[in-house]
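What follows is a set of notes on a single structure, which appears directly below.
Chains as they are written, first to last, in the working numbering: chain B, 10 to 128; chain E, 5 to 119.
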């Protein structure tokens, strides 16, 4: 149980184009999903917290207009990288927190990640 | 703010060796503590967790004990396998600062196990 999928797993796009990444919780509902960015050999950087039916909360330094997040349902959140540039190339990982997570749980379930390369 | 500190890697071991990866944290209140593992090219998987002081999380031969007096959550395994080669992340959530939404991660420790 608690499987999170991401699509696509890899994407290559030209500079200036937009790319959409999907994150789905397959066997549970998630009111909250998170988007992370991971640089080579480094830890995860939280980009934003996505709540179903409301606007995402972005971390300091993350451009809202560049990284558009939509959490349209309890099982789907999308991240759109708009007008992508080579510096946006990275590994993007989403996670989901189950609706029924109890106080003692708090764990998040992670997707397999999306490797974005902007040429 | 809250933080998690892990020992720098890589940690290089031979198969069947004993593993310890140190993790200490700074947080207010009583956070929950986690170890996540990331295999090459994949996302993170929850390895184990502990939600209160003196709790021991365990899974797949790995163990970690929540030590509030030393603010530590060290990961141990008695006999590592080549398949344990991965990056291990210590994390916390649920402190008074961080709240119950976010995870605060350490920088990760790469483990390399040779046959």
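We put the CB at the ideal spot given by N, CA and C, even for glycine.
For the candidate residues E:6, E:119 and E:26, whose alpha-carbon lies nearest to that of residue 13 (chain E)?
Nearest option by C-alpha distance: E:26.
Rounded to whole angstroms, what's the CA-CA distance from residue 14 (chain B) to residue 35 (chain B)? Just pull it up for me.
Taking C-alpha positions only, residue 14 (chain B) is separated from residue 35 (chain B) by approximately 7 Å.
Considering only DSSP beta bridges, list what residue 60 (chain B) is partnered with.
Bridge partners of residue 60 (chain B): B:41.
Give the secondary structure of residue 80 (chain E) by DSSP, where H, G and I count as helix, E and B as strand, and everything else as coil.
Strand.
Buried/exposed call for residue 122 (chain B), threshold 16 Cβ in 10 Å
Looking at its Cβ environment, which holds 16 or more other Cβ atoms inside 10 Å, residue 122 (chain B) is buried.
Take residue 28 (chain E) and list the residues in its own chain whose beta-carbon comes closer than 7 Å to its own, dropping the five residues that flank it on each side.
The beta carbon of residue 28 (chain E) sits closer than 7 Å to those of 9, 75 and 76, all from its chain and outside the five residues before and after it, given in chain order.
Cutoff 7 Å: residue 22 (chain B) Cβ touching any chain E Cβ
No, residue 22 (chain B) lies away from the interface with chain E (no Cβ there is under 7 Å from its Cβ).
If we count the other Cβ atoms within 10 Å of its Cβ and call it buried at 16 or more, is residue 128 (chain B) buried or exposed?
Label assigned to residue 128 (chain B): exposed.
Say whether the region 94 to 106 of chain B touches the region 27 to 41 of chain E, bearing in mind that this needs 3 or more beta-carbon pairs closer than 8 Å, one atom from each stretch.
The answer is no - the region 27 to 41 of chain E does not touch the region 94 to 106 of chain B, with fewer than three Cβ pairs under 8 Å.
In whole angstroms, what is the alpha-carbon distance linking residue 118 (chain E) and residue 17 (chain E)?
Answer to the nearest angstrom: the Cα atoms are 6 Å apart.
Sequence-distant residues of the same chain with beta carbon closer than 6 Å to residue 16 (chain B), five excluded per side
Result list for residue 16 (chain B): 31, in chain order.
Is the CB of residue 121 (chain B) under 7 Å away from at least one CB in chain E?
At least one chain E Cβ lies under 7 Å of residue 121 (chain B).
Check residue 113 (chain B) in the structure and name its three-state DSSP category.
Residue confidence for residue 113 (chain B) is low, a pLDDT of 42 falling below 50, so the modelled location carries little weight; the figure read from the coordinates is stated next. Three-state result, residue 113 (chain B): coil.
C-alpha gap between residue 108 (chain B) and residue 61 (chain B), whole angstroms
Between residue 108 (chain B) and residue 61 (chain B), the C-alpha separation is close to 11 Å.
Would DSSP call residue 96 (chain B) helix, strand or coil?
Secondary structure at residue 96 (chain B): helix, using DSSP grouped into helix, strand and coil.
Can you give me, in chain order, the residues of the region 21 to 50 of chain E that have a beta carbon less than 8 Å from any beta carbon in chain B?
For the region 21 to 50 of chain E, which is checked against every Cβ of chain B, the residues closer than 8 Å are 36, 38, 40, 45, 46, 47, 48, 49 and 50.
Taking only the alpha-carbon atoms, compute the straight-line gap between residue 70 (chain B) and residue 19 (chain E) and give it to the nearest angstrom.
Note on geometry: alpha-carbon atoms of residue 70 (chain B) and residue 19 (chain E) lie some 43 Å from one another.
I'd like to know whether the C-beta atoms of residue 55 (chain B) and residue 98 (chain B) end up nearer to each other than 7 Å.
It is not a contact, given that the beta carbons lie outside the stated cut-off.
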